[in-house]
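Colleague: Got a structure for you, written out below as structure tokens; questions coming shortly.
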């Protein structure tokens, strides 16, 4: 049994889609592109794409080469290609990830994204925010804020159905 069932995550995604639609409308953004960070963020972006009925498929970023801990961790064995089926220049990008923790993944994703062009704006949407920031990033759209102990993490399982578990890294 997972800590977050597919039904619970679907409710979070519905709320995120509604909030994202309102956020973009408030900023008078009528055209946007979704970009998910591999792997969990790509799964969340695909689910949001379906709920928003967007016509353009979401893009994906693999930030493996942009991580600031690359020299310590080495290359992840499952590096995937970055796929952006649209022009980033002057686009309103919705950057999507599964979990916002330290902010380092967001920093790496922004570095890679800007290598492809200069977006007009970037909106950050995350499924879970566990608030253990090391860098000053905040999500514009968040499915759920969680107060976890420093040794706990959230792991999204997918791509379909999406479920999530809270893991204790000391166990």
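Residue numbers (UniProt numbering): 1 to 171.
Ideal Cβ positions, reconstructed from N, Cα and C, are used throughout, including at glycine.
Which same chain residues end up closer than 8 Å to residue 70 when comparing Cβ atoms and leaving out the 5 residues on each side of it in sequence?
Modeller: Summary for residue 70: the model assigns pLDDT 49, below 50, so the residue's position carries little reliability; its value from the coordinates is reported in the next sentence. Taken in chain order, the residues that qualify are 64.
Colleague: Can you look up residue 152 in the DSSP assignment and give me helix, strand or coil?
Modeller: In the structure shown, residue 152 sits in a strand (DSSP, three-state: E or B).
Colleague: Just to confirm my understanding: we take residue 14, look at its own chain, exclude 5 residues before and 5 after, and list those with CB closer than 8 Å. What are they?
Modeller: Hits under 8 Å: 51.
Colleague: Report the three-state DSSP secondary structure of residue 123 (helix, strand or coil).
Modeller: Looking at residue 123 - three-state DSSP - the assignment turns out to be strand.
Colleague: If contacts are defined as beta-carbon pairs under 8 Å, then residue 139 and residue 156 qualify, I think. What distance do you get, rounded to the angstrom?
Modeller: Actually they are not in contact, since the Cβ atoms of residue 139 and residue 156 sit about 15 Å apart, beyond 8 Å.
Colleague: What first and last residue would you give for the alpha helix (DSSP H) that runs through residue 112?
Modeller: First-last of the alpha helix (DSSP H) with residue 112: 104-115.
Colleague: Taking its Cβ as the centre, do 16 or more other Cβ atoms sit within 10 Å of residue 99, making it buried, or is it exposed?
Modeller: Residue 99 comes out buried.
Colleague: In angstroms with no decimal places, state the Cα-to-Cα distance between residue 2 and residue 161.
Modeller: Near 12 Å, if we compare the C-alpha coordinates of residue 161 and residue 2.
Colleague: Within its chain, find whatever has a CB closer than 8 Å to the CB of residue 170; leave out the 5 residues flanking it on each side and keep chain order.
Modeller: Once the five neighbours on either side are set aside, the close Cβ partners of residue 170 are 151.
Colleague: Would DSSP call residue 137 helix, strand or coil?
Modeller: Three-state DSSP puts residue 137 in coil, outside helix and strand.
Colleague: Assuming residue 35 contacts residue 12 (C-beta within less than 8 Å), just tell me the rounded distance between them.
Modeller: That pair is no contact at about 19 Å.
Colleague: DSSP three-state call for residue 143: helix, strand or coil?
Modeller: It is a strand residue.
Colleague: Given a threshold of 16 other Cβ atoms within 10 Å of its Cβ, counted over all protein chains shown, does residue 105 qualify as buried or as exposed?
Modeller: Residue 105 should be labelled buried.
Colleague: Do you know how far the Cα of residue 66 is from the Cα of residue 108?
Modeller: Cα to Cα, residue 108 sits roughly 5 Å from residue 66.
Colleague: With H, G and I counted as helix, E and B as strand and the rest as coil, what does DSSP make of residue 45?
Modeller: Helix.
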